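Visitor: Residue numbers (my numbering), protein chains in the order written: chain A, 1379 to 1704; chain B, 873 to 1163.
One structure follows; several queries about it will come next.
Take a look at the structure:
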């Protein structure tokens, strides 16, 4: 502190003015520093408490918990594989559908409507509002509108004509992996498009101009010069979207069907990590049951942590390098 | 790019392809916006029929009995958000000030990174965490536990927006203040914060908007209740909980109530988000989607 005071005021040598040891500066730094430390402690406490809460289940089942396929509270047998499977399958489905659409919106906003500020602004606002809608509303809408619509107009025809493909093998139910995947796709579009849009905006114009000067069409500029340049950042946006899909609870709980099952068929009811916690946690009647559910939460914690660290690293690297290159 | 690509014979083909891809991009935009329109329309149509004065002022009635409202849920949400803001705003703003004013310290780097991670955390794990540290020791679901869970959702949002809005305060303002001999703490509190005030307020509003819609962390902390608020240490109702419980019930009059509650919630969110956007502009409003 004394060093900085010297730099800022240049007074230390001329007159012996020193900051008081516990002056206002120290107090302010101490207070706001404590808040910053609190954030760190919060995340650490989250991990520690979840691990501790899951310890009974961890010692009882060991690593077998991750590959166990039976979830039977009555006989005290717990295995998480159907839930892990459901979470991964619905998230993958969400990415498969949400990524091209979210990226399309980002390309539209950065490459197509550059000149028209107002239209781009209005459209960007609409997509951002999609992120503001609470997930319980997505769930309600998914249950009463999307699920019947998908069942009648998408799932039934697919099953009728392509029923021999394992993916579409079972009789459509409406409340299944497919509907959950679509709902999640809708929910991650704003994330993917907002992050990709920032990344695409960071691509220097010289990249585009060089391609145009060669006589390339608009799409060729995007495909061969903009997208390759933004590749790692878009990958980061994808992973961030994945993180959101993995952690999403309420919307999925409404439409997943809530049956722990591992099957290739998208039209079969399933279950996810977050949905089983939401449904059973308040009713869990004995310590091992609660502990098993907390371990499910711990798996979710681990997945989210890895996904987020990875995404942050990619985005951070991308925005850092462009800052120097521009 | 190979020479052949730009040859004369490929001109038509390349431009046709360009058109097709442009078409796909327009299609993507249409598909992305469509759900918002459908959701809002559905909520307004289904929920609009439910709205009446009773809906906002009465307690819910048991299944099969007409009338009644969701006044307890609206009251509960307001209390939960108020309590959560009391916890989250000082901590979030404090951390944000630290990130922005002492960016060179190692704590700043670590904490700011963890703040980003916390912002993206599955909210249901936060519910479990609060269940373990508050509900278990006190042996009751409570308003305090619900508010604590919501505050953990809010802190990272407030911290990030505070940092962003203080960072854009010009260095020259700080230098001018320090040159007058005003100590650093006074410079931060009086000059920097009052200049970045609108961004700070925006951050708090966005955090409130986000927390109001959160359901998962409340399931086993606030738990829900059919009555008005009576004490900080007993279960409390909340709008999203009402939507969840009523929406997944088999009774048609409860489902209708869920749509009504959904309209109230969506209306609140849209007004808050659009209001923030119109007042402040897109600089901060985008933060919700980006952090």
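C-beta atoms are modelled at their ideal positions from N, C-alpha and C, and glycine is treated no differently.
For clarity, every value in this text was computed on a predicted model and none was experimentally measured.
Compare the beta carbon distance of residue 942/B and residue 1114/B with 8 Å and say whether it is the shorter of the two.
Guide: Yes.
Visitor: Considering only C-alpha positions, which residue in the set 1523/A, 1585/A, 1580/A is nearest to residue 1558/A?
Guide: Ranking the options by Cα distance to residue 1558/A, first place goes to 1523/A.
Visitor: Using the beta-carbon of each residue, which ones in chain B are nearer than 9 Å to residue 1682/A?
Guide: Near residue 1682/A (Cβ distances below 9 Å), the residues of chain B are 989, 992, 993, 994, 997.
Visitor: Does the stretch 1103-1123 of chain B come into contact with the stretch 1503-1517 of chain A, if we say contact requires no fewer than three beta-carbon pairs (one atom in each stretch) closer than 8 Å?
Guide: Yes: at least three Cβ pairs fall under 8 Å.
Visitor: If we cut at 8 Å on Cβ distances, does residue 1026/B have a partner in chain A?
Guide: Chain A contact via Cβ: absent.
Visitor: Which residues, in chain order, does the stretch 1530-1559 of chain A contribute to contact with chain B at a C-beta distance below 9 Å?
Guide: Of all residues in the stretch 1530-1559 of chain A, none has a Cβ within less than 9 Å of some Cβ in chain B.
Visitor: In chain B, which residues lie with their C-beta within 8 Å of the C-beta of residue 1595/A?
Guide: The contacting residues are 886, 887, 889, 890.
Visitor: Below 6 Å CB to CB, which residues in the same chain sit around residue 1107/B once its five sequence neighbours on both sides are set aside?
Guide: So the list reads 1013, 1095, 1097, once near-sequence residues are dropped.
Visitor: Examine chain B for any beta-carbon lying closer than 8 Å to the beta-carbon of residue 1437/A, and answer yes or no.
Guide: With 8 Å as the cut-off, residue 1437/A does not count as an interface residue toward chain B.
Visitor: For the alpha helix (DSSP H) containing residue 1587/A, name the first residue and the last one.
Guide: Per DSSP, residue 1587/A belongs to the alpha helix (DSSP H) from 1583-1591.
Visitor: Between residue 1201/B and residue 1031/B, is the Cβ-Cβ spacing less than 8 Å?
Guide: Lying before the first or after the last residue shown, residue 1201/B is absent from chain B, which here runs from 873 to 1163.
Visitor: From this set, 1653/A, 1454/A, 1484/A, which residue's C-alpha is nearest residue 1504/A's C-alpha?
Guide: Checking every option, the nearest Cα to that of residue 1504/A belongs to 1484/A.
Visitor: Establish whether the CB of residue 970/B and some CB of chain A are separated by less than 8 Å.
Guide: Output row for residue 970/B: interface = yes.
Visitor: By DSSP, does residue 1597/A sit in helix, in strand, or in coil?
Guide: Three-state result, residue 1597/A: helix.
Visitor: Considering Cα atoms alone, identify which of 1463/A, 1597/A, 1639/A is closest to residue 896/B.
Guide: Residue 1597/A is the option with its Cα nearest to residue 896/B.
Visitor: Show which residues of chain A have a CB atom less than 8 Å away from the CB atom of residue 1052/B.
Guide: The contacting residues do not exist; residue 1052/B stays about 11 Å from chain A at best.
Visitor: Could you spell out the range, first to last residue, of the alpha helix (DSSP H) harbouring residue 1518/A?
Guide: Segment 1513-1519, the alpha helix (DSSP H) holding residue 1518/A.
Visitor: Give me the Cα-Cα distance between residue 1371/A and residue 1624/A, rounded to the nearest whole angstrom.
Guide: What the structure shows of chain A is the stretch from 1379 to 1704, and residue 1371/A is not part of that stretch, so it cannot be assessed.
Visitor: Can you name the residues of chain A whose CB is closer than 7 Å to the CB of residue 914/B?
Guide: Going along chain A in sequence order, the residues near residue 914/B (Cβ under 7 Å) are 1519, 1523.
Visitor: Find the nearest neighbour of residue 945/B within the set 1087/B, 1105/B, 1144/B, judged by alpha-carbon distance.
Guide: Looking at the Cα atoms, 1087/B is the closest of the given residues.
Visitor: For residue 1441/A, would you say it is in contact with chain B, using Cβ-to-Cβ distances shorter than 8 Å as the test?
Guide: No - not a single Cβ of chain B is within 8 Å of the one on residue 1441/A.
Visitor: If contact means a Cβ-Cβ distance below 8 Å, which residues of the stretch 1464-1490 of chain A contact chain B?
Guide: The residues in question are 1478, 1479, 1480, 1481, 1482, 1483, 1485, 1486, 1490.
Visitor: How many Å lie between residue 913/B and residue 1464/A at the Cα?
Guide: Cα-Cα distance, rounded: 30 Å.
Visitor: So which residues of chain A does residue 1116/B contact, with C-beta pairs closer than 7 Å?
Guide: Simply 1514, 1628.
Visitor: I'd like to know if residue 941/B contacts chain A, where contact means its C-beta is closer than 8 Å to some C-beta of that chain.
Guide: No, its Cβ sits nowhere closer than 8 Å to a Cβ of chain A.
Visitor: Would DSSP call residue 1455/A helix, strand or coil?
Guide: If DSSP states are grouped into helix, strand and coil, residue 1455/A belongs with the strands.
Visitor: One question on the structure: do residue 953/B and residue 1083/B come within less than 8 Å of each other, judged by their Cβ atoms?
Guide: Their beta carbons are under 8 Å apart, which means residue 953/B touches residue 1083/B by this criterion.
Visitor: Would you say residue 1701/A faces chain B, with C-beta separation under 8 Å as the test?
Guide: Residue placement at residue 1701/A is poorly supported in this model, since its pLDDT is 41, which falls under 50; the coordinates are not used for a value here.
Visitor: Rounded to whole angstroms, what is the Cα-Cα separation between residue 1123/B and residue 935/B?
Guide: Distance between the alpha carbons of residue 1123/B and residue 935/B is about 7 Å.
Visitor: Who pairs with residue 1450/A in a beta bridge, going by DSSP?
Guide: In DSSP, residue 1450/A forms a bridge with 1455/A.
Visitor: Does DSSP put residue 937/B in a helix, a strand or coil?
Guide: In the structure shown, residue 937/B sits in coil (DSSP, three-state: anything other than H, G, I, E or B).
Visitor: List the residues of chain A whose Cβ lies closer than 8 Å to the Cβ of residue 1107/B, in chain order.
Guide: Near residue 1107/B there are no residues of chain A at all, since even the closest Cβ is about 11 Å away, more than 8 Å.
Visitor: Using 8 Å as the cut-off, can you tell me whether the stretch 1666-1673 of chain A makes contact with the stretch 1682-1691 of chain A, which would need three or more C-beta pairs spanning the two stretches below that distance?
Guide: Verdict: no, contact absent.
Visitor: What separation, rounded to the nearest whole angstrom, lies between the Cα atoms of residue 1035/B and residue 968/B?
Guide: The alpha-carbon atoms of residue 1035/B and residue 968/B are separated by roughly 4 Å.
Visitor: State the CB to CB distance for the pair residue 1692/A and residue 1610/A, rounded to an integer number of angstroms; the pair is presumed to be in contact (CB under 8 Å).
Guide: Correct: roughly 5 Å between the Cβ atoms.
Visitor: Look at the Cβ atom of residue 1638/A, then the Cβ atom of residue 1449/A, and state whether they are nearer than 8 Å.
Guide: Yes, these two residues count as a Cβ contact at 8 Å.
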